[in-house]
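Chains as they are written, first to last, in this note's numbering: chain A, 11 to 230; chain B, 11 to 230.
All C-beta atoms, glycine included, are put in the ideal place defined by N, C-alpha and C.
Protein chains: 2
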Amino acid sequence: MLLTTSAEENYLKAIFKISEKEPGPVLTNALAAAMGTSAASATDMLKRLSDKQLVAYEKYRGVTLTPEGDRLATSLIRKHRLWEVFLVDKLGFAWDEVHDFAEQLEHVQGDNLTDRLDEYLNHPRFDPHGDPIPDAQGRWIRRPQVRLTTLTPGQKGIVTGVDDHTSPFLQYLDELGIALGVAIELLDRTAYDQSSKVRIAGKEYTLSEKASQNLFLRLE
Amino acid sequence: MLLTTSAEENYLKAIFKISEKEPGPVLTNALAAAMGTSAASATDMLKRLSDKQLVAYEKYRGVTLTPEGDRLATSLIRKHRLWEVFLVDKLGFAWDEVHDFAEQLEHVQGDNLTDRLDEYLNHPRFDPHGDPIPDAQGRWIRRPQVRLTTLTPGQKGIVTGVDDHTSPFLQYLDELGIALGVAIELLDRTAYDQSSKVRIAGKEYTLSEKASQNLFLRLE
DNA sequence: AAATATTTTTAGACTTGTCTAAAAATAAAT
DNA sequence: ATTTATTTTTAGACAAGTCTAAAAATATTT
Ligand SMILES: [Mn+2]
Ligand SMILES: [Mn+2]
Ligand SMILES: [Mn+2]
Ligand SMILES: [Mn+2]
Chain A
11 MLLTTSAEEN YLKAIFKISE KEPGPVLTNA LAAAMGTSAA SATDMLKRLS DKQLVAYEKY
71 RGVTLTPEGD RLATSLIRKH RLWEVFLVDK LGFAWDEVHD FAEQLEHVQG DNLTDRLDEY
131 LNHPRFDPHG DPIPDAQGRW IRRPQVRLTT LTPGQKGIVT GVDDHTSPFL QYLDELGIAL
191 GVAIELLDRT AYDQSSKVRI AGKEYTLSEK ASQNLFLRLE
Chain B
11 MLLTTSAEEN YLKAIFKISE KEPGPVLTNA LAAAMGTSAA SATDMLKRLS DKQLVAYEKY
71 RGVTLTPEGD RLATSLIRKH RLWEVFLVDK LGFAWDEVHD FAEQLEHVQG DNLTDRLDEY
131 LNHPRFDPHG DPIPDAQGRW IRRPQVRLTT LTPGQKGIVT GVDDHTSPFL QYLDELGIAL
191 GVAIELLDRT AYDQSSKVRI AGKEYTLSEK ASQNLFLRLE
């Protein structure tokens, strides 16, 4: 059992998340951008993570997670999302308030804490933003979901997640009455700016292309 | 609102706890011993804390908390003990398992987390070890309690706390059926080694002076 | 293929928090 | 009042994690 610092863990998570979106090795600049650090700092950290066998790193060629690095990153995401469920379901925080707490709580170390928390929360399978929570063995649930921008007028869907987790977007959704599980019907797409005319609970709204892009739906 | 590192917070807590036991300024060596660091490291940290106005530090003369330092230390103890209640009451950990988790959780920063946790736990006034939890305004509850070593044969008391929070002691108490709220009667004190003959739930046991010293009781 | 642009790494520096060893200040003992 | 012992501080070093600026490697254009 090797021990990792919070900084190392955050880099591992970032590598995992970039790998999810784009295939192939993660490049130094992409990692630095995701971490909000300089490319030089990312290079330093990649050497450290490579020494610890958590990543396979080749100079100038990018980095991938080793099985152990993947396991650790998955565990961090599990912890992050379980704590978010706790903060929303038990402490009554709104879905836009919990991310910064979870960023800290995911680094709490010690035997059994995660599994006890999971048990206490009744093994939730999705977090407050609709993201899947890997189980104790690191297994993921993948749901078929599409962006609102891919619907054709007349199609309906149920909100299953968001791609933008920032407060301004989540609060904007709150104002529109959009939450996980809410039904949305695409009425029309404006040719000029690709904005979406939608019906939510009987009322009509217009969502920008940017907002539509960040909404995931399960088709009805 | 100044921001503090975990290391700074741990030193503040240590200064607070030493001040509780012994009056007057806290000396460098005592602080270093409590923190498990060298005296040189303690001196370095005292300079940092002094720069941040969290302590009043005079070279060679020792250190005391400023009002702001006292407020911060109290808040840390509040957070530590509330998390311990959560871990025992909600997650089902034993009282000897929660300290290391709480040492990490007490450093989680952010608005309202502590008060929401306090609310969720129904404003507990004591932690799983019988220690008082300061309220949101930093007010303490002080209970009259005495060590088992101060009782005279024939006296009875209810266990209200422990002075040793380590696993070996707490697990030893578990084996004897000693927990918070349990009634203990002192039957006799052995002159030779000051051990205590006691009755707990009808059964008789012998407790060493060391163990007796670490048990707090409210007299019946 | 050579020149140019981009990406990545290296070099050197800074902060936090720690250490050991030596120096200085204070306290205790003769 | 000196000497001796103890406590505390300073000096110098190190690791983690960050930065900026310069050098090197790779990719793209011409
Ligand atoms: Mn989050
Ligand atoms: Mn989330
Ligand atoms: Mn504790
Ligand atoms: Mn406690």
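Hey, would you say the C-beta of residue i is under 7 Å away from at least one heavy atom of ligand 4?
| i | result |
| --- | --- |
| B:His175 | yes |
| B:His117 | no |
| B:Arg71 | no |
| B:Glu94 | yes |
| B:Pro142 | no |
Suppose contacts are defined by Cβ-Cβ distances below 8 Å. Is residue i in contact with residue j by that definition?
| i | j | result |
| --- | --- | --- |
| A:Lys89 | A:Thr124 | yes |
| B:Leu183 | B:Leu86 | no |
| A:Glu230 | A:Ile168 | yes |
| B:Ala52 | B:Ala42 | yes |
| A:Leu72 | A:Pro33 | First, the residue type needs correcting, since residue 72 of chain A is Gly and not Leu in the sequence shown. Result no, Cβ atoms of A:Gly72 and A:Pro33 do not sit closer than 8 Å. |
| A:Leu12 | A:Lys62 | yes |
| A:Arg91 | A:Ile28 | no |
| B:Pro163 | B:Leu196 | yes |
| A:Gln114 | B:Gln204 | no |
| A:Leu64 | A:Thr76 | yes |
Just to check my reading of the structure: residue i and residue j have Cβ atoms closer than 8 Å, yes? What is that Cβ distance to the nearest angstrom?
| i | j | result |
| --- | --- | --- |
| A:Arg153 | A:Leu225 | With a Cβ gap of about 14 Å, A:Arg153 and A:Leu225 do not count as contacting. |
| B:Leu190 | B:Ser206 | Not confirmed; about 18 Å, so no contact. |
| B:Gln155 | B:Arg228 | 5 Å |
| A:Leu139 | A:Val172 | It should be noted that the sequence gives His, not Leu, for residue 139 of chain A. Contact holds; Cβ gap of about 5 Å. |
Can you say whether residue i is buried or exposed, counting buried as having 16 or more other CB atoms within 10 angstroms of its CB?
| i | result |
| --- | --- |
| B:Leu127 | buried |
| B:Glu19 | buried |
| A:Asp137 | buried |
| A:Ala50 | exposed |
| B:Ala201 | exposed |
| B:Trp93 | buried |
| B:Thr84 | buried |
For residue i, is the beta carbon positioned less than 7 Å from some heavy atom of ligand 3?
| i | result |
| --- | --- |
| B:Glu19 | no |
| B:Glu30 | no |
| B:His109 | yes |
| B:Ala112 | yes |
Assuming residue i is part of the alpha helix (DSSP H), what are its boundary residues?
| i | result |
| --- | --- |
| A:Asp125 | Leu123 to Tyr130 |
| B:Glu19 | Ser16 to Lys31 |
| B:Lys57 | Ala49 to Asp61 |
| A:Ser205 | First-last for A:Ser205: undefined, no H or E at that position. |
| A:Gln181 | Ser177 to Leu186 |
| A:Gln114 | His109 to Leu115 |
What residue range is occupied by the uninterrupted beta strand (DSSP E) comprising residue i?
| i | result |
| --- | --- |
| A:Phe226 | Leu225 to Leu229 |
| B:Asp198 | Ala193 to Arg199 |
| B:Ala66 | Val65 to Glu68 |
| B:Glu214 | Lys213 to Leu217 |
| A:Leu92 | Counting along the chain, A:Leu92 falls outside any beta strand (DSSP E), though it belongs to the alpha helix (DSSP H) covering Pro77 to Val95. |
| B:Thr160 | First-last for B:Thr160: undefined, no H or E at that position. |
Below 7 Å, is the gap between the Cβ of residue i and the nearest heavy atom of ligand 2?
| i | result |
| --- | --- |
| B:His133 | no |
| A:His139 | yes |
Residue i: beta carbon under 7 Å from a heavy atom of ligand 1?
| i | result |
| --- | --- |
| A:His90 | yes |
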